[in-house]
Each structure stands twice: as structure tokens, then as C-alpha cells.
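Heads up: the structure comes next, in C-alpha cells.
Protein chains: 2
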Amino acid sequence: MTEKGFDVQDFARGIHELLVLSSLQTGEKHGYQIALDLQADSNDLFRFKHGTLYPILHRLEGEGLIKGSWSKDGGRRKKVYSLTGKGRKHLSGETGRVQEIVSGLMRLLPAPSEVPA
Amino acid sequence: MTEKGFDVQDFARGIHELLVLSSLQTGEKHGYQIALDLQADSNDLFRFKHGTLYPILHRLEGEGLIKGSWSKDGGRRKKVYSLTGKGRKHLSGETGRVQEIVSGLMRLLPAPSEVPA
DNA sequence: CTCGATATATCGACACCCTATGTATGTGTC
DNA sequence: GACACATACATAGGGTGTCGATATATCGAG
Chain A
1 MTEKGFDVQD FARGIHELLV LSSLQTGEKH GYQIALDLQA DSNDLFRFKH GTLYPILHRL
61 EGEGLIKGSW SKDGGRRKKV YSLTGKGRKH LSGETGRVQE IVSGLMRLLP APSEVPA
Chain B
1001 MTEKGFDVQD FARGIHELLV LSSLQTGEKH GYQIALDLQA DSNDLFRFKH GTLYPILHRL
1061 EGEGLIKGSW SKDGGRRKKV YSLTGKGRKH LSGETGRVQE IVSGLMRLLP APSEVPA
């Protein structure tokens, strides 16, 4: 069993990071695109603010989970990110951990009143 | 459908509050007991620090979700909390919301590699 | 009587997200 | 050509919450 120690703040931060990493699974993207895709794919549930997204990108890059390279699309610069091997490993590992926590959480929370539609 | 925004911080805070409320479902308890029960019931996954628990209790009481009353067990004082109707309602409502977010999250995250044991 | 467990409470440090602001390019419109 | 708006990246400041440390007080064990 994965050790213990659950930290709400790490968990919350992890969700954002995992979403970004997950979004890069389908191919490399630049930041702005990640935000748009995540918002669309989640049906507007997850909306990344610029002030939230870029620091996360920098953090992930600093940790070597993603790799960014500048690209010039005409005169406009874009920083295109792609998953590293480490990032892919982190994504699957942390996803498993999230599920562990979620299932632990659901065990303690009351069962949802099975209200049909 | 509950649409609208998702806030990581509210979510994280909500988890703690929900766990406390859920623990009170089985009957009234005092703070210290809640922490012990939650830790035991979650198999050591969730551990509440004193500096975290008591502010939560005060917040929940201030919002009228729980009701506390002092009890003297010999000379040692305990503040025993119980769920209010409002608290019970909040618990089921927010639990539903958490599940909504969790399922949205799981849709975006990669499927767990079904690794046996 | 000293140590540790029980029981509650508060404060300062730290981390993080969010709002606002700034820079710069591309496009559409008049 | 001038202007507004979308694209695209970046950072600083404010607010909020958890965590560790500290304090008070009672009770049982050695």
C-alpha cells in the first residue's frame, strides 16, 4: 500500500498539475491551448486562469515533468510543451494515488441518494 | 445540473469539512474523538492536525452546520458536537458535488493501468 | 510527582490560487 | 493608418487556509 500522509494542499495542487499533464498526453501544446482544451474537455468544469496556469507550467518544467521549447509562428512566439518520460511516469503514479484517496474519501462519505435523473 | 466554476481551494477545504460532518453522522462526538475516528476509519489515510481540526469545527459551528455543547466528564471539559438539519443537508449536497467533480476529473485523467496487486 | 495521553485553543510561517496588470503580435474594420 | 480585440506569455500583490509550535488543564501510571 502506498504509504500514508495525505495533504489536502498537495492534493489540490496535484489536481491542477495532473490535468495539465493529462492534456499533454494527446500531443504537444502551448499553454494557451492547454487551458482552452481543458475547459472544453471538462465541459467548463475546469477553467484555468492565466495567473494559475503559467506558474504551474514553469513548476512542471522545473521538475522535469514537461519540456518546453519556443516556436515562432510568424512573429508570435509560443512555448510548446511536451511530456517527458518522467512526466508520463508521474502522471500514472499520481493518478493512481488520486484514485486511492478518492476511494478512501468515498468510503467515508455518505452514499449518494441514488436519485434517478 | 450544478454547472458553474470549480475552485480547487474550496474543494480542498470542502473535503475536510465533509469528513468532519460525515463522522458526526453516527452520533455526537467531541473534537478529539472525531480526529481519532477519522484516522482509524480511513486506515490512517486522513490525519487531522489539532491546528487544522479546531478551526474547522469553529467554522462549521459558525455556519450552523453543527451544534456544540460543553460537557464535563469529571473535571475534564469536552465540547460535544452534533449535526444540525442544515449540516445534514449540506453534507449530502456537497457530497454530490464532490462526486460530480471527481467523475469529471476521472474522465480526463488516464485510465489506471489495471495492474493486479 | 513527573511523564504522557486526553482535550481544547490560538498564533506565525508558508504555500498556493486568483485578480489585475503588462508586453507583444496578428486580424478585422472603418 | 488607427483602433479594438483575440492570441500568447509573464509576474506581482492580496487573500485564505493548513501546518507546526506553543499554551492551558485534567487524569492515570510508574
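Protein chains in written order, with my numbering: chain A, 1 to 117; chain B, 1001 to 1117.
Every residue, glycine too, gets a C-beta built ideally from N, C-alpha and C.
Source: prediction; values computed, not measured.
In chain order, what residues of the same chain have a beta carbon less than 7 Å from the beta carbon of residue i, not counting five sequence neighbours either side?
i     : result
A:T64 : First, the amino acid is wrong: residue 64 of chain A is Gly here, not Thr. If we look at A:G64 and ignore the five residues flanking it on each side, its Cβ neighbours are T84 and K86.
A:T2  : Residue confidence for A:T2 is low, a pLDDT of 42 falling below 50, so the modelled location carries little weight; the figure read from the coordinates is stated next. The residues are R97 and E100.
A:R47 : Q39
A:Y54 : G31
For the beta strand (DSSP E) holding residue i, just list the boundary residues, first then last.
i       : result
B:R1076 : R1076 to L1083
B:G1068 : I1066 to D1073
Tell me which same chain residues have a C-beta within less than 6 Å of the C-beta of residue i, skipping the five on either side of it?
i       : result
B:K1078 : H1030 and S1071
A:D37   : S23
B:S1082 : E1028 and K1067
In the DSSP assignment, find the alpha helix (DSSP H) that holds residue i and state where it starts and stops.
i       : result
B:G1014 : V1008 to S1023
A:D41   : G31 to D41
B:G1005 : It is not in any alpha helix (DSSP H) - B:G1005 carries neither H nor E in the DSSP assignment.
B:T1052 : H1050 to G1062
Could you tell me the distance, in whole angstroms, from the CA atom of residue i to the CA atom of residue j?
i       : j       : result
A:H16   : B:D1073 : 46 Å
B:R1013 : A:L60   : 24 Å
A:I56   : A:K49   : 11 Å
B:V1020 : A:Q9    : 17 Å
A:A35   : B:L1108 : 13 Å
B:T1052 : A:F11   : 16 Å
B:L1105 : A:G75   : 36 Å
A:Q33   : B:V1102 : 23 Å
B:V1121 : B:D1044 : Only positions 1001 to 1117 of chain B appear in the structure, and residue 1121 of chain B is not among them; the question remains open.
Using a cut-off of 7 Å between C-beta atoms, extract the partners of residue i located in chain B.
i     : result
A:Q99 : P1112
A:L18 : L1109
A:T95 : L1109, P1110 and P1112
A:S42 : G1104 and L1108
Which term fits residue i, buried or exposed, when burial requires 16 or more other beta carbons within 10 angstroms of its beta carbon?
i       : result
B:H1058 : exposed
B:E1040 : In the sequence under discussion, the amino acid at residue 1040 of chain B is Ala, which differs from the Glu named in the question. With fewer than 16 Cβ atoms within 10 Å of its Cβ, B:A1040 is classed as exposed.
A:T95   : buried
B:E1042 : Per the sequence presented here, residue 1042 of chain B reads as Ser, with Glu not at that position. Buried, since its Cβ has 16 or more Cβ neighbours within 10 Å.
A:A111  : exposed
B:D1007 : exposed
Report the neighbours of residue i on chain A: residues whose CB is nearer than 8 Å to its CB, in chain order.
i       : result
B:Q1025 : P110
B:Q1133 : It is not possible to answer for residue 1133 of chain B, since the shown part of chain B is limited to 1001 through 1117.
B:I1056 : Simply none; closest approach about 11 Å.
Taking 8 Å as the cut-off, is the CB of residue i close to at least one heavy atom of the ligand HEM?
i       : result
B:L1045 : The model on display carries no ligand, and the ligand HEM is accordingly not part of it.
For a contact meaning CB atoms closer than 7 Å, what does residue i contact in chain A?
i       : result
B:G1005 : R47
B:L1105 : I15
B:G1087 : What B:G1087 touches in chain A: nothing, since even the nearest Cβ is about 12 Å away.
B:V1102 : V102
Apart from the five residues on each side of it in sequence, which residues of its chain come closer than 8 Å, Cβ to Cβ, to residue i?
i     : result
A:L18 : L91, E94, T95 and V98
Using a Cβ cut-off of 9 Å, pull out every chain B residue sitting near residue i, in sequence order please.
i     : result
A:S22 : L1108, L1109 and P1110
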